[in-house]
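> Quick note on numbering: the first sequence equals residues 4 to 426 in our numbering. Here a beta-carbon is modelled for each residue, glycine too, at the ideal position from N, C-alpha and C. All values derive from a computational prediction rather than experimental measurement. Once you've had a glance at the structure underneath, I'll fire off some questions.
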Amino acid sequence: MLQVSVVRENIEETIKRLEIRNLPGKDLVAQIIELDDKRKKTQQELDAHLAEANSISKQIGGLFKEGKIEEANALKAKTSELKELNHQGTEALHATQEELKQLLYTIPNTPELSVPKGNTEEDNEIIFEQGELPSMDNDAKPHWEITEKYDIVDFELGVKIAGAGFPVYKGKGARLQRALVNFFLDNATAAGYREIQPPLLINEASGYGTGQLPDKEGQMYHTAVDDLYLIPTAEVPITNMYRDIILKKADFPVKNCAYTQCFRREAGSYGSDVRGLNRLHQFDKVEIVQLSHPDKSYELLDEMVDYIKTLLTKLELPFRILKLCGGDLGFTAALTYDFEVYSAAQKKWLEVSSVSCFETYQANRLKLRYKDKNGKMQLAHTLNGSALAFPRIIAALLENNQSEKGVKLPKALAEYTGFEYIN
RNA sequence: GGAGAAUUGGCAGAGUGGUCGAAUGCACUAGUCUUGAAAACUAGCGUACCGCAAGGUACCGAGAGUUCGAAUCUCUCAUUCUCCGCCA
């Protein structure tokens, strides 16, 4: 969440940045400052009362030691009123702090200043394109027909076992997925990311740490008995490894990656957007996560973008990169690039990666800090990106590479699958 | 799931009602000494909030309570360890 001290010191900038999201920046900043003023006032009053009570207690202690019992008892009588004041003051302070926290939970991250103002995905900026869009015959099949033809992904079977959005991968489909795990993890490792296998269920504190809670409560599967959530992305457990951690400057940048399954309820989605592999309740993804010194985070973001470019190049998929506009930006992000691959039979761009810098927004919730050269605590920056999400990669591979002989896999991937054709 | 023990600063570890934000050791930082290093010695060394400052307040797993006063007593919860049970 936003840091009140930073908001106070950068009022105009905060307003400007919130307005990029089409939010009433002026009102929000005014609310924050008003509540924080109230908090300060409440705290000052309480501190004064506590100081007085502490001082009296010390006097009483001294008097008892000197054996002046009567004087001590006389002082005791004076404290009951103070006690009540302290009790009320503490409650008032807690209430105000809670109020401020609840307000801050509802305010998303402030977009980086270069983020284009805009309302919908129409306003996202295309900043890079690579690869020619394959021209397909009119009888080119969408991937859900190809998966059925070769019996590699079974949607019906998933419905039987779990429900819609939980496909069963079979035979070469399953092996293709396994190949992608190794392909993505090997590449990430070569790029300097340490491989992690995190828990797939997380507690409430972790959900708050990276900002899924309270904002996206309904998007996560929740296990009621144990009060745990299924992860919607590896970002959550990987970033939360560093909750309440103080890093050394030499630790930067911290680079981790993880392959996990991801679970999303995606309530309210329907239609052709969710057909086949386009949107699932359970899917596989390799995530890369970095922790950065604040001065370096945008450099690292560019580095992550470059890395993902190399993956898509190796997979020989046409893709483009979008810089998300303020209206389309995720709740916790300051700047996000989306990668979309072109899926030829659907004639659609499919999002396969989202790479973001969160600046201190997550770090503030996580209390993820480092000591600067003056020995002062500072919040680190967090970044992450998908590298990559499997289902839509598979959709694009199947659609773009279909032929009479079957689906031809790119060379880089065939090395991992052990077969060149799905047929 | 049952029984017992524990949870203190980066780490180890003292502290059972008042001058304890907390001994001591290690680690760390700076300095002295040395050609350099090590050793030794000297000093410093938690976080957050309030305050121009002096200083104040809070924090000893979390939350509540008893008390004029709680790291220390009581209750609830969490976690860890040991033993038993179950188990991939």
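1. Would the stretch 268-288 count as touching the stretch 369-387 if we require 3 or more Cβ pairs under 8 Å?
2. Spell out the partners DSSP gives Val292 in its beta bridges.
3. If you draw a straight line from the C-alpha of Ala77 to the C-alpha of Ala56, how long is it?
4. Looking at C-alpha atoms only, which residue of Gly221, Ile241 and Lys351 is the closest neighbour of Tyr232?
5. Distance check for Phe393 and Leu400, CA to CA, integer angstroms please.
6. Measure the CB-CB distance between Glu302 and Ala261 and report whether it falls below 8 Å.
7. Assuming Asn281 and Arg395 are in contact, meaning their beta carbons sit under 8 Å apart, how far apart are those beta carbons, in whole angstroms?
8. Rounded to whole angstroms, what's the CA-CA distance from Ala194 to Ala51? Just pull it up for me.
9. So does the stretch 339-356 actually touch the stretch 398-415, counting three or more Cβ pairs closer than 8 Å?
10. Can you name, in chain order, every residue of its own chain whose Cβ lies under 7 Å from the Cβ of Thr123, other than the five neighbours on each side?
11. Jot down the residue ranges of each uninterrupted alpha helix (DSSP H) in the stretch 318-385, minimum 4 residues, whole runs only, in chain order.
12. Using CA coordinates, which residue listed in Leu338, Glu207, Leu183 and Leu315 is at the minimum distance from Gln264?
13. In whole angstroms, give me the CA-to-CA distance for Leu369 and Pro240.
14. Enumerate in chain order the residues of its own chain whose CB-to-CB distance from Glu48 is below 7 Å, with the five nearest sequence positions on each side excluded.
15. I'd like to know if the stretch 353-361 and the stretch 127-134 are in contact, where contact means that at least 3 CB-CB pairs between them fall below 8 Å.
16. Roughly how many whole angstroms lie between the Cα atoms of Met223 and Asp298?
17. What's the gap between the Cα of Leu96 and the Cα of Leu53?
18. Relative to the C-alpha of Ala237, which residue among Glu128, Glu69 and Val292 is closest?
19. With a cut-off of 8 Å on the beta carbons, I'd call Pro235 and Arg267 a contact; round off their distance for me.
20. Pairing CB atoms from the stretch 78-90 with CB atoms from the stretch 106-113, are three or more of them under 8 Å?
21. What is the rounded straight-line gap between the Cα of Ile129 and the Cα of Leu315?
22. Whose CA, out of Leu416, Thr363, Ala398 and Leu412, lies closest to the CA of Tyr172?
23. Count the other CB atoms, across all protein chains shown, that sit within 10 Å of the CB of Asn426; report buried if there are 16 or more and exposed otherwise.
24. Spell out a yes or no on whether the stretch 194-203 and the stretch 240-258 are touching, meaning 3 or more CB-CB pairs, one atom from each, closer than 8 Å.
25. Note down, one range per segment and in chain order, each beta strand (DSSP E) of at least 3 residues found wholly within the stretch 208-259.
26. Quick check on Ser117: does DSSP put it in helix, strand or coil?
27. Just to confirm the assignment, what range does the beta strand (DSSP E) spanning Lys411 have?
28. Whose C-beta lies closer than 7 Å to the C-beta of Pro202 among residues of the same chain, with five residues either side of it excluded?
29. Following the continuous alpha helix (DSSP H) through Phe131, name the residue where it begins and the one where it ends.
30. For the structure I just gave you, are there three or more beta carbon pairs, one from the stretch 362-377 and one from the stretch 59-68, closer than 8 Å?
31. Rounded to the nearest angstrom, how far is the Cβ of Thr17 from that of Val32, given a contact under 8 Å?
32. Determine whether the beta carbon atoms of Asn127 and Lys326 lie at a separation below 8 Å.
33. Measuring CA to CA, which of Gly210, Met380, Lys351 and Thr192 is closest to Met4?
34. Between Gly176 and Asp154, what straight-line distance do the alpha-carbon atoms span, to the nearest angstrom?
35. Rounded to whole angstroms, what is the Cα-Cα separation between Tyr108 and Thr213?
36. Between Leu88, Arg42, Val10 and Leu66, which has its C-alpha nearest Asp30's C-alpha?
By the coordinates alone:
1. These segments do not touch.
2. According to DSSP, Val292 bridges with Asn259 and Asn387.
3. If you draw a straight line from the Cα of Ala77 to the Cα of Ala56, it is about 14 Å long.
4. By alpha-carbon distance to Tyr232, the top candidate from Gly221, Ile241 and Lys351 is Gly221.
5. Spanning the alpha carbons of Leu400 and Phe393 requires a straight line of approximately 10 Å.
6. No, these two residues do not count as a Cβ contact at 8 Å.
7. About 7 Å separates the two Cβ atoms, so the contact holds.
8. When only Cα atoms are considered, Ala194 and Ala51 end up about 55 Å apart.
9. With the cut-off at 8 Å, the stretch 339-356 and the stretch 398-415 touch.
10. Exclusion of the five residues before and after Thr123 leaves Gly330 and Asp331 as the residues of its chain whose Cβ lies within less than 7 Å of its Cβ.
11. List check, alpha helix (DSSP H) in window: 364-369.
12. When only C-alpha atoms are compared, the closest one is Leu183.
13. Spanning the two alpha carbons is a distance of roughly 12 Å.
14. Apart from sequence neighbours up to five positions away, the residues of its chain that approach Glu48 with a beta-carbon distance below 7 Å are Gly92, ordered along the chain.
15. Judged by Cβ distances under 8 Å, the stretch 353-361 makes no contact with the stretch 127-134, as fewer than three pairs qualify.
16. Rounded to the nearest angstrom, the two C-alpha atoms are 33 Å apart.
17. Roughly 13 Å between the two C-alpha positions.
18. Comparing Cα-Cα distances from Ala237 to each of Glu128, Glu69 and Val292, the minimum goes to Val292.
19. Their Cβ separation, rounded to whole angstroms, is 5 Å, which keeps Pro235 and Arg267 in contact under 8 Å.
20. No, the stretch 78-90 is not in contact with the stretch 106-113.
21. Straight across, the Cα-Cα distance linking Ile129 with Leu315 is about 17 Å.
22. Of all alpha-carbon atoms in Leu416, Thr363, Ala398 and Leu412, the one lying nearest the alpha-carbon of Tyr172 is that of Ala398.
23. Asn426 is exposed by the Cβ-count criterion.
24. Yes: the two stretches touch, three or more of their Cβ pairs being nearer than 8 Å.
25. Fully enclosed beta strand (DSSP E) runs of no fewer than 3 residues occupy 231-233 of the stretch 208-259, in order along the chain.
26. Residue state, collapsed to three classes: coil.
27. Run containing Lys411: Gly409 to Lys411, per the beta strand (DSSP E) assignment.
28. Here the set comprises Pro240.
29. Where Phe131 is concerned, there is no enclosing alpha helix (DSSP H), although the beta strand (DSSP E) it sits in stretches over Glu128 to Gln133.
30. Cβ pair count under 8 Å is below three, so no.
31. That belief holds up - the Cβ atoms of Thr17 and Val32 are roughly 5 Å apart, short of 8 Å.
32. Yes. Within cutoff.
33. The shortest CA-to-CA distance from Met4 to any of Gly210, Met380, Lys351 and Thr192 is the one to Gly210.
34. Cα to Cα, the separation comes out at about 8 Å.
35. Going from the Cα of Tyr108 to the Cα of Thr213 covers about 12 Å.
36. When each option's Cα is compared against that of Asp30, the closest is Val10.
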